[in-house]
Structure formats: C-alpha cells, structure tokens
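Q: Residues 7 to 135 (the numbering used here) are what the sequence shown spells out, left to right.
Even for Gly, the Cβ is constructed at its ideal location relative to N, Cα and C.
Let me give you the structure first, and then I'll get to my questions.
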Amino acid sequence: MIVKHLEDILNTSADVDAEGWTSRRLIYKDAGMGYSVNDTIIKPGAVLEMEYKNHFETVYCIEGAGEITDLATGQTHDIRVGTLYALNNHDRHILRANKGTHMRMVCVFNPPLTGREVHDATGAYALAD
Numbered sequence: 007m008i009v010k011h012l013e014d015i016l017n018t019s020a021d022v023d024a025e026g027w028t029s030r031r032l033i034y035k036d037a038g039m040g041y042s043v044n045d046t047i048i049k050p051g052a053v054l055e056m057e058y059k060n061h062f063e064t065v066y067c068i069e070g071a072g073e074i075t076d077l078a079t080g081q082t083h084d085i086r087v088g089t090l091y092a093l094n095n096h097d098r099h100i101l102r103a104n105k106g107t108h109m110r111m112v113c114v115f116n117p118p119l120t121g122r123e124v125h126d127a128t129g130a131y132a133l134a135d
C-alpha cells in the first residue's frame, strides 16, 4: 500500500516548478502502478501550448477556472471545478488559466512519468525507458 500526503511532497524533488505551472508528483513510474498521478497548479493567466506525443493524460479540475483549446479543431472548452478532459489522441492543445486565479488539476499519465519531466520545446514529455 502506498500512502502519501501533499504536505510531505511540498518543497521536495517531487515538487516541480516551471514557468506557468507547478506539479506535485504523487505517484511515479517506480510505484509499478502503470500510471502516474500529479497534483498540478496552472498559474494565473498562464497560456500553455502542449502535445503529449508519448503519453495519454486525463485531467480533473478541482480548483479555479480556465479553458482548453483543441488545436486540431479549434474548439475551445471551458474548464471549471468538476471538469474532466482526456487527451486520448495525443491532442495538441492550449491550456489557459483565467487571469487572477489558478487552476488546480489532478493529472493521470499513461505510461507513467518518472517524476522529473519538464516539457520540451513541443510541449511534450520524453518517453522514459
């Protein structure tokens, strides 16, 4: 059994801060679960263009508001508390947090992340060996 609390992760190597987001890595690849789980803050006003070419991601919003735009279709969806979106086609997208508020998201990745990934120039994470 794995039991963790967010306060045990804050200010450790599992608390990854980057421009536009902070990701608290709760479950890594080394847990052997077949997926990873992050508690991620999208910073107020952040505009992030991403495309997870090597991973599927499901995201559930638990705080804040913003929007996501599917760059293949141009369709934009509002995000608010209780919204879930799944990038089931490695969808290239733009994620925006509303100005003045952050979005807090629970993010599940398959295959799992190793824990120290940051987005590359295309907005993707490298695939771990």
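For G70, which of Y34, T107, Q81 has the nearest alpha-carbon?
A: G70 has its Cα closest to that of T107, out of Y34, T107, Q81.
Q: Classify L119 as buried or exposed, calling it buried when 16 or more other Cβ atoms lie within 10 Å of its own Cβ.
A: Buried.
Q: Which residues in the same chain as G40 place their Cβ atom closer than 8 angstroms to its Cβ, once the five residues preceding and following it in sequence are excluded?
A: Closer than 8 angstroms at Cβ, skipping near neighbours: N116, P117, P118.
Q: Under three-state DSSP, which class holds E69?
A: Strand.
Q: On the CB-based measure, 16 or more other CB atoms within 10 Å of its CB, does G72 come out buried or exposed?
A: Per the 10 Å Cβ criterion, buried.
Q: From the DSSP output, read off the bridge partner residues of M56.
A: Paired residues: H99.
Q: In its own chain, which residues sit with a C-beta less than 6 angstroms from the C-beta of I28, not counting the 5 before and 5 after it?
A: Sequence inspection shows Thr at residue 28; the Ile mentioned does not correspond to that position. Around T28: I47.
Q: Is A78 helix, strand or coil by DSSP?
A: In the structure shown, A78 sits in coil (DSSP, three-state: anything other than H, G, I, E or B).
Q: Apart from the five residues on each side of it in sequence, which residues of its chain come closer than 8 angstroms, Cβ to Cβ, to V87?
A: Only C67, I68, E69, G70, A71 meet the Cβ criterion.
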